[in-house]
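**Q**
Numbering (my numbering), first residue to last: 41 to 1051.
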């Protein structure tokens, strides 16, 4: 990666800055502490990876700004790219990725910030951790690798080489090995259970044969009972058929008897109806005569009803004419009232117009006053037109002066707040110093606790080794006891031989051998008891040591937080020193602003122009109040114009009223004459129509009382109409009744004959049932016996089915047993494979091998760089194994080696610890190792290290050391496309022709480029 251009907007201490890297090969970023030198490089890391030293994402935004943005253009693998990262306060971040083409930058941004970030990583082939450990030598981390313990150095190197993935692979291999082991245990348990089940196969086969014999015996008995049951059921079925037939004939006989009774009743009813009809037929002549008189009365009533209809029509016509005449009279009266009201209104309007015309003289005097007031107002309007531009110009001048004063006041308040903040920050210095002393003491205490924990660990390892030896002795003693017991058992047999020479033993020698064995057995048992007691004591000691080791580990877990807190306190103390210098500058600027505000000399040109405008306005002598009074006078007399218009309207209205009044008088006289004429009997067509309708009513000759009497007579004779209808029905129904009586007599004779036939059949069936036996109890008994046997058969069949299912299950179990055996063998193989992989991926496997392979290259790179820095005076060597302390003291020929990562540093006086070297020498050693690590990590990441950033304090170097550092940087410069070095030392920055000078004011950090 080669930087091209960096643009910052409101990022950390920068409000806005742009840095062009074109033409920069080896450059120095210089400036005072806290000016923002490291922030430039933080911006590159934040733009590319979104990483910064800020704990909260919004902390990268400049104080008071709403968003921060970094625009970074760089070259990677021959292609120019551009990254724009923006952070919005309290919201989210945005990321834009572009590639340069002939037409300009083309967007490569993908959907989602994570996808775009991954695309940037794919193009860079460099993640943030590799960057900060290779290309970016961050401030305060040069000696981090050297100050760690050997075991921690190895872990740091493993982390830098990203060997943690092998730990993950090892953990996964362990998990898989545990899973396979668990599966093996489950399968072995299942296989053992299957073997137990398969052992029951012979018993199941014997039980199945017995059940089959029982089934055949039960089936034979069931078949015999079934044949007997079928014979009895056939006989019983015939008997039930006769019983059903008998029941049906009995029901039929009962129904026939009921039919005979019904027919007798119907014949009697028909005879009664026939006699009633014959009585009506005997009165036929009298009924016909009375019905003829009734019809004559109906015709007479119809004629009277027609006259009644005409009578009602004439009455309705007369009523309608009366209502119409009354309505016309009412309309004329209403019109008469309306005309009289209009005449009265005309007279009232004439009086009102006369009152308006009476004020004509007063209105003319007021019009003269209005003309005079308008002339005064016009003069003041002209004067206002001259004054308005001057007043308009004065307003922005005064506003500008007010804004200038407000800006100074706001700046003074801002400085006051800054001063208070700086004073508060400065007041914390004693507290911070005390806290720093406390943390330093706590770190020293934790260091002592770490040494003590190492001793506890060594003690635990020693106890564990001692227990291993005790367990070996225990196994030896137990083996000897077992062998001795076996020999003593052999001696207990008759004709026992000597266990040493295999010769027969006499009684004396047998007693000696037996006594010797018993003595040896007692000694071995005593030794075994002592070993077991020592094992128990050692186990308790190890438990105590383990608990103490865990307690110490929990106590030492806070060391990182304490160191981090100490670094924060150191930075805060440095900030308080800077706050002292800033406070003096702020107080000086506040005093200057106070003097300007008191003297009001902050805008002299504006003040002079404002004074001239005020003098001109005073000469014009324009008064807004006088102008307002003039407007009030015009408004006061403006009513005269309104009254003048009312007088003109009153004159026109009186003329219109004089023309309208004669017309209304003529309409009123004509309407009064029409009302008088309509009140005479024959004075109108309506009255004439009324007379004609009354004459027609008199000529109709209709008497309502006579009509009502006729209606009553008709109602009295209406019964003969019903009697005539009965006569007609009797004449029609009499022949039908005669025929029905004959039919009913025939049906009665047939039903009586059928009843006699059915009675004979009932007697015959009764005789047959009496002679036939009833097998129902025997059938019930044999059915119960067969039902019980069927239950036995079902149980036997169920047992056979169960046994057959068990046989099939055993066959399946045999297959499963073979399959599980094969699976167990395969799982054992996989378990061994993953167990070996877990060991291979562990710390002492591939990781140790890779570190062993990397260290020679790292040592060569370090010594090459260190030779340039120290004029071949210093040399380092990485040692990965050394003899243990107990092995060094032991006289054994086999030396036990332990893994480590010691760094041996040699100079002209020999090999010495790192802590004994001076600050300059220690820095050169750390710098050489760090730079060698950077090259190594870049090579392993698959990309060339084209850019190097050195953000380290060089204050520990003397003039000669600085010259050598500069010479070393110049010596390695051809290997890099861009080298940036950060320092605040004047003698160091003067050695670089290209400088990026960074400064800081109250407006934030700023930079300038010198080539």
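Ideal Cβ positions, reconstructed from N, Cα and C, are used throughout, including at glycine. Nothing here was measured: the structure is a model prediction, and the numbers come from that model.
(1) Per DSSP, what kind of secondary structure is residue 41 in: helix, strand or coil?
(2) Note down, one range per segment and in chain order, each alpha helix (DSSP H) of at least 4 residues found wholly within the segment 76-156.
(3) Taking only the alpha-carbon atoms, compute the straight-line gap between residue 600 and residue 482 and give it to the nearest angstrom.
(4) Quick one: Cα of residue 146 to Cα of residue 139, how far?
(5) Tell me whether residue 1023 sits in a helix, a strand or coil according to DSSP, three-state version.
(6) Report yes if the CB atom of residue 90 is closer than 9 Å to the CB atom of residue 135, and no otherwise.
(7) Are the CB atoms of residue 95 and residue 26 within a distance shorter than 9 Å?
(8) Straight-line CA distance for residue 526 to residue 513?
(9) Quick test of your reading: residue 947 and residue 914, contact by CB under 8 Å. State the CB separation rounded to the nearest angstrom.
(10) Compute every distance between the C-beta of residue 238 and the non-hydrogen atoms of the ligand MN, then say whether any falls below 8 Å.
(11) Measure the C-alpha to C-alpha separation of residue 78 and residue 991 and round it to an integer number of angstroms.
(12) Please name the residue in 405, 592, 226 whose C-alpha comes closest to that of residue 486.
(13) Can you tell me the Cα-Cα spacing of residue 1040 and residue 177, whole angstroms?
(14) Helix, strand or coil, according to DSSP, for residue 931 in the structure here?
(15) Mind checking if residue 46 is an interface residue toward chain C, Cβ cutoff 9 Å exclusive?
(16) Compute the Euclidean distance between the alpha carbons of residue 931 and residue 470, then round it to the nearest angstrom.
(17) Note down, in chain order, each residue of its chain lying with its Cβ closer than 7 Å to the Cβ of residue 863, except the 5 sequence neighbours on either side.
(18) Starting from the N-terminal side, write out each stretch of the alpha helix (DSSP H) that is 4 residues or longer and does not extend beyond the segment 291-332.
(19) Pick helix, strand or coil for residue 806, following the three-state DSSP scheme.
(20) Let me know the alpha helix (DSSP H) ranges lying completely inside the segment 462-513, each 4 residues or longer, listed in chain order.
(21) Residues in its own chain within less than 6 Å of residue 53 by CB, not counting five upstream and five downstream?
(22) Between residue 620 and residue 462, what straight-line distance do the alpha-carbon atoms span, to the nearest angstrom?
(23) Helix, strand or coil for residue 175 per DSSP?
(24) Please classify residue 774: does DSSP put it in a helix, a strand, or coil?
(25) Taking only the alpha-carbon atoms, compute the straight-line gap between residue 665 and residue 672 and give it to the nearest angstrom.
(26) With a threshold of 16 other CB atoms inside 10 Å of the CB of residue 933, please say whether the residue is buried or exposed.
(27) Output needed for residue 1037: all residues of its chain with C-beta closer than 7 Å, excluding positions within five of it in sequence on either side, in chain order.
(28) Name the DSSP bridge partner or partners of residue 1052?
(29) Mind reading off the beta-carbon distance from residue 754 to residue 346? Whole number of angstroms is fine, and I expect it under 8 Å.
(30) Can you tell me which of the three DSSP states residue 616 falls into?
(31) Are the segment 805-817 and the segment 271-278 in contact at 8 Å, needing three or more beta carbon pairs?
(32) Please list the segments of the beta strand (DSSP E) lying wholly inside the segment 947-992, counting only runs of 3 or more residues, in order along the chain.
(33) Would you tell me roughly how many angstroms separate the C-alpha atoms of residue 927 and residue 938, rounded to the nearest one?
(34) Grouping DSSP H, G and I as helix and E and B as strand, with all else coil, what is residue 1034?
(35) Using 9 Å as the threshold, is the C-beta distance between residue 116 and residue 59 below it?
(36) Would you kindly report the start and end of the unbroken alpha helix (DSSP H) that includes residue 870?
**A** By the coordinates alone:
(1) The count along the chain shown starts at 1 and reaches residue 41 at position 1. Coil.
(2) 77-89
(3) The residue labelled residue 600 in the question sits at position 560 within the chain shown. The residue labelled residue 482 in the question sits at position 442 within the chain shown. Distance between the alpha carbons of residue 600 and residue 482: 12 Å.
(4) The count along the chain shown starts at 1 and reaches residue 146 at position 106. The count along the chain shown starts at 1 and reaches residue 139 at position 99. Rounded to whole angstroms, residue 146 to residue 139 spans 5 Å at the Cα level.
(5) Here residue 1023 refers to the residue found at position 983 of the chain shown. Here residue 1023 sits in strand by DSSP.
(6) Walking along the chain shown from the start, residue 90 turns up at place 50. Walking along the chain shown from the start, residue 135 turns up at place 95. Against a cut-off of 9 Å, the Cβ pair of residue 135 and residue 90 comes out as a contact.
(7) No statement about residue 26 is possible, as the shown extent of the chain runs from 41 to 1051 and does not include it.
(8) The sequence position of residue 526 within the chain shown is 486, counting from 1. The sequence position of residue 513 within the chain shown is 473, counting from 1. So the two alpha carbons sit approximately 20 Å from each other.
(9) Sequence index remark: in the chain shown, residue 947 carries index 907 (1-based). Sequence index remark: in the chain shown, residue 914 carries index 874 (1-based). Yes, residue 947 and residue 914 are in contact; Cβ-Cβ is about 5 Å, under 8 Å.
(10) This structure does not include the ligand MN; it has no bound ligands of any sort.
(11) Here residue 78 corresponds to residue number 38 of the chain shown, with the count starting at 1. Here residue 991 corresponds to residue number 951 of the chain shown, with the count starting at 1. Straight-line Cα distance between these residues: approximately 7 Å.
(12) Along the chain shown, read from residue 1 onward, the residue named residue 486 stands at position 446. Looking at the Cα atoms, 592 is the closest of the given residues.
(13) Reading the chain shown from its first residue, position 1000 is the one you call residue 1040. Reading the chain shown from its first residue, position 137 is the one you call residue 177. Their Cα atoms are separated by approximately 24 Å.
(14) Working through the chain shown from its first residue, we reach residue 931 at position 891. With a pLDDT of 48 at residue 931, under the threshold of 50, the predicted position of this residue should be treated as unreliable, though the coordinate-derived value follows. Residue state, collapsed to three classes: coil.
(15) No chain C appears in this structure, which consists of one protein chain only.
(16) Position 891 of the chain shown holds residue 931. Position 430 of the chain shown holds residue 470. Note that residue 931 scores a pLDDT of 48, beneath 50, so its modelled location is shaky; the value from the coordinates is reported in the next line. Distance between the alpha carbons of residue 931 and residue 470: 58 Å.
(17) Here residue 863 refers to the residue found at position 823 of the chain shown. Closer than 7 Å at the Cβ level, and outside the excluded window around residue 863, lie 227.
(18) none
(19) Taking the chain shown and counting its residues from 1, the one referred to as residue 806 is at position 766. If DSSP states are grouped into helix, strand and coil, residue 806 belongs with the helices.
(20) With a minimum length of 4 residues, no continuous alpha helix (DSSP H) run stays inside the segment 462-513.
(21) In the chain shown, counting from the first residue as 1, residue 53 sits at position 13. Excluding positions up to five away in sequence, the list reads 76, 79, 1044, 1045.
(22) Mapped onto the chain shown, residue 620 falls at position 580. Mapped onto the chain shown, residue 462 falls at position 422. Their Cα atoms are separated by approximately 7 Å.
(23) Sequence index remark: in the chain shown, residue 175 carries index 135 (1-based). In this structure, residue 175 counts as coil in the three-state DSSP scheme.
(24) Sequence index remark: in the chain shown, residue 774 carries index 734 (1-based). Looking at residue 774 - three-state DSSP - the assignment turns out to be helix.
(25) If you number the chain shown from 1, residue 665 lands on position 625. If you number the chain shown from 1, residue 672 lands on position 632. Distance between the alpha carbons of residue 665 and residue 672: 10 Å.
(26) Taking the chain shown and counting its residues from 1, the one referred to as residue 933 is at position 893. With a pLDDT of 48 at residue 933, under the threshold of 50, the predicted position of this residue should be treated as unreliable, though the coordinate-derived value follows. So residue 933 counts as exposed.
(27) Residue numbering aside, residue 1037 sits at position 997 when the chain shown is read from its first letter. Answer for residue 1037: 70, 71, 1047, 1048, 1050, listed in chain order.
(28) Nothing can be reported for residue 1052, as the shown portion of the chain is limited to 41 through 1051.
(29) Here residue 754 corresponds to residue number 714 of the chain shown, with the count starting at 1. Here residue 346 corresponds to residue number 306 of the chain shown, with the count starting at 1. That pair is no contact at about 15 Å.
(30) Taking the chain shown and counting its residues from 1, the one referred to as residue 616 is at position 576. Correct three-state label for residue 616: helix.
(31) yes
(32) 950-952, 987-990
(33) Along the chain shown, one-based indexing puts residue 927 at 887. Along the chain shown, one-based indexing puts residue 938 at 898. Any reading at residue 927 needs caution, since the residue's pLDDT is 48, under 50, leaving its predicted position unreliable; the model's value is listed next. Cα to Cα, the separation comes out at about 10 Å.
(34) By one-based count along the chain shown, residue 1034 stands at place 994. Residue state, collapsed to three classes: strand.
(35) Position 76 of the chain shown, counting from 1, holds the residue named residue 116. Position 19 of the chain shown, counting from 1, holds the residue named residue 59. In this structure, residue 59 does not lie closer than 9 Å to residue 116 by Cβ.
(36) Residue 870 sits at position 830 when you count from the first residue of the chain shown. Where residue 870 is concerned, the enclosing alpha helix (DSSP H) stretches over 816-880.
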